[in-house]
Amino acid sequence: MLHTRLCDLLRLEYPIISAPMAGTATAELAAAVSEAGGFGMIGASDSRGRPEQAGWLRDQIRATRERTDRPFGVGFILSYPGLEDLVQVALEERVAAVAYSFGDPTPYVAPAHAVGTKVLVQVQTVSQARTAAVAGADAIAAQGSEGGGHTGANGTLSFVPAVVDAVGEIPVIAAGGIADGRGLAAALLLGAEGAWLGTRFVASEEWAGGGWRKARVVTSGTDDTVWTRVYDLGLSLPFPDGIGGRVLRNAFIDAWHGREAEVVAQRAELRAQLEAAADVADADVEAVWAGAAAGLIQSVEPAGEIVRRIAAEAERLLGERPSQVLR
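Note that the working numbering has the sequence shown beginning at 131, numbered continuously upward.
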């Protein structure tokens with residue numbers, strides 16, 4: 131049976147975590163992943179820092195509990211506004227774990243531990259991993275640049291074992307480019323204790339980001355993604371230096387990628403264009419945040435089936451492959 135230290139830490143059947151994709155990883159997805167034996171997460175952060183977001187988060191946590199009695203968590207972007215109120219809601223509701231990305235998690239670890247909530251920290255550099263370890267993180271997600279949405283520049287294959295080596299006994303979770311059992315098995319062989327998946331769950335029935343985006347992921351290939359800063363610059367999204375976003379190519383990317391200085395100079399005009407595109411789901415302009423794993427996804431499926439199949443594939447491969455390559 132597939133079982134790792136991450137399973138013990140979060141009380142899981144399978145070492146699979148669904149990424150807390152902001153605004154689109156809602157109660158329905160988190161509950162479906164957790165009910166299937168993985169660890170579902172709600173994506174709490176909003177780049178606009180709206181006051182009503184705290185009420186929305188509390189509703190989502192309670193809606194998740196109505197759907198499952200298994201552990202789940204909430205993810206936060208540390209560089210986004212409105213963080214303190216959102217974190218307070220998660221801790222008041224005693225979620226099993228909180229996850230922090232894109233900033234120093236140090237001030238947020240002790241308050242979580244004080245109420246019995248585990249702390250996961252997603253990192254993009256080895257230096258960040260060491261900071262998270264010193265801060266007291268319970269597990270660290272090493273995110274490679276193949277991942278969809280916002281990432282750094284290190285590749286998953288080399289980054290995951292580097293973080294494993296850097297943080298001692300703290301469990302490491304592999305993130306970036308994983309969408310099937312082969313990816314989970316590879317992550318475990320790199321020394322990770324589980325996998326953190328985003329793009330695979332974009333193409334799930336429960337993901338709340340819109341059917342047209344799911345369809346684009348399914349019909350796209352690995353060569354169709356690009357790491358870019360044009361959306362962040364055009365929308366003034368508050369991400370740290372060195373972070374960009376992996377998206378599916380479209381007409382807007384083809385027109386502006388590599389012209390970052392011009393994007394900044396024309397930000398007001400481009401922001402209006404991007405906001406208008408979001409209102410009408412204009413696929414030529416609107417971002418579809420997706421990773422290189424899009425090339426491994428052929429259909430939209432229930433999240434629970436995705437969890438169970440990936441775990442079964444990984445278990446089979448880890449059992450069969452050694453005899454095929456060892457003499």
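Just so it is clear, CB atoms sit at the ideal spot from N, CA and C, and this is done for glycine as well.
Note that the structure is predicted; figures quoted are calculated from it, not measured.
Under a 10 Å Cβ-count criterion, Glu-276 is classified as buried, with 16 or more other Cβ atoms of the shown protein chains found around its own Cβ. Looking at Ile-427, Ile-146, Thr-194, Thr-154, the one whose alpha-carbon comes closest to that of Asp-176 is Thr-154. A straight line joining the alpha-carbon of Ala-325 with that of Ala-304 spans about 5 Å.
Apart from the 5 residues on each side of it in sequence, Pro-241 sits with its Cβ closer than 8 Å to the Cβ of Val-217, Leu-221 in its chain, given in chain order. Check the Cα spacing between Glu-399 and each of Gly-364, Val-437, Val-410: the tightest is with Gly-364. Beyond the five residues adjoining it in sequence on each side, Thr-352 comes within less than 6 Å, by CB distance, of Ala-422, Gly-425 in the same chain, given in chain order.
It is roughly 9 Å from the alpha-carbon of Phe-169 to the alpha-carbon of Glu-143. Per the C-alpha coordinates, the member of Ala-441, Arg-192, Gly-449, Gly-282 positioned closest to Cys-137 is Ala-441. Around Val-297, the same chain offers Ala-259, Ala-263, Ile-270 as residues with beta carbons nearer than 6 Å, after the five sequence neighbours per side are excluded. Around the beta-carbon of His-133, fewer than 16 other beta-carbon atoms lie within 10 Å, marking it exposed. In the structure shown, Val-245 adopts coil according to DSSP, grouped into three states.
Taking a C-beta distance under 7 Å as the contact criterion, Gly-311 and Thr-286 do not qualify as a contact pair.
In the DSSP assignment, Gln-273 falls within the unbroken beta strand (DSSP E) covering 269-273. For Ile-146, the uninterrupted beta strand (DSSP E) run begins and ends at 146-148, by DSSP. Inclusion of Tyr-230 and Val-256 in the CB contact set at 7 Å is not warranted, their separation being larger than that value.
About 6 Å separates the beta carbons of Leu-140 and Pro-201, which is inside the 8 Å limit, making them a contact pair. Each of Gly-434, Glu-165, Asp-215 was checked against the Cα of Thr-194, and the nearest Cα belongs to Glu-165. Rounded to the nearest whole angstrom, the CA to CA distance from Pro-181 to Ala-406 is 23 Å. By the neighbour-count criterion, in which a residue is buried when 16 or more other Cβ atoms sit within 10 angstroms of its Cβ, Arg-330 is buried.
Between the region 377-389 and the region 406-415 there are three or more C-beta pairs closer than 8 Å, enough to call the two in contact. By the 16-neighbour rule on beta-carbons within 10 angstroms, Thr-281 is buried. Ile-427 and Val-225 have their C-alpha atoms spaced approximately 31 Å apart.
For Ile-303, no alpha helix (DSSP H) run applies; the uninterrupted beta strand (DSSP E) run containing it begins and ends at 302-305, by DSSP.
Judged by DSSP secondary structure, Ala-325 falls within the beta strand (DSSP E) whose first and last residues are 324-327. Close CB contacts of Val-219 within its chain, under the 7 Å cut and outside five residues either way in sequence, are with Ala-184, Leu-187, Arg-188 (chain order). The shortest CA-to-CA distance from Tyr-361 to any of Leu-320, Trp-419, Asp-354 is the one to Trp-419. Annotated as distal: Pro-291 and Leu-319, with beta-carbon spacing of 7 Å or more. Counting other Cβ atoms within 10 Å of its Cβ, Thr-349 stays below 16 and is therefore classed as exposed.
Within the same chain, and ignoring the five residues on either side of Ala-315 in sequence, the residues whose Cβ sits closer than 7 Å to its Cβ are Ala-444, Leu-447, Leu-448.
Contact between Ser-334 and Glu-196 does not hold, since the beta-carbon distance rounds to 19 Å and is not under 8 Å.
The beta carbon of Gly-266 sits closer than 6 Å to the beta carbons of Val-239 from its chain, once the five residues preceding and following it are set aside; these are given in chain order. In this structure, Pro-150 places its C-beta atom within 7 Å of the C-beta atom of Gly-173.
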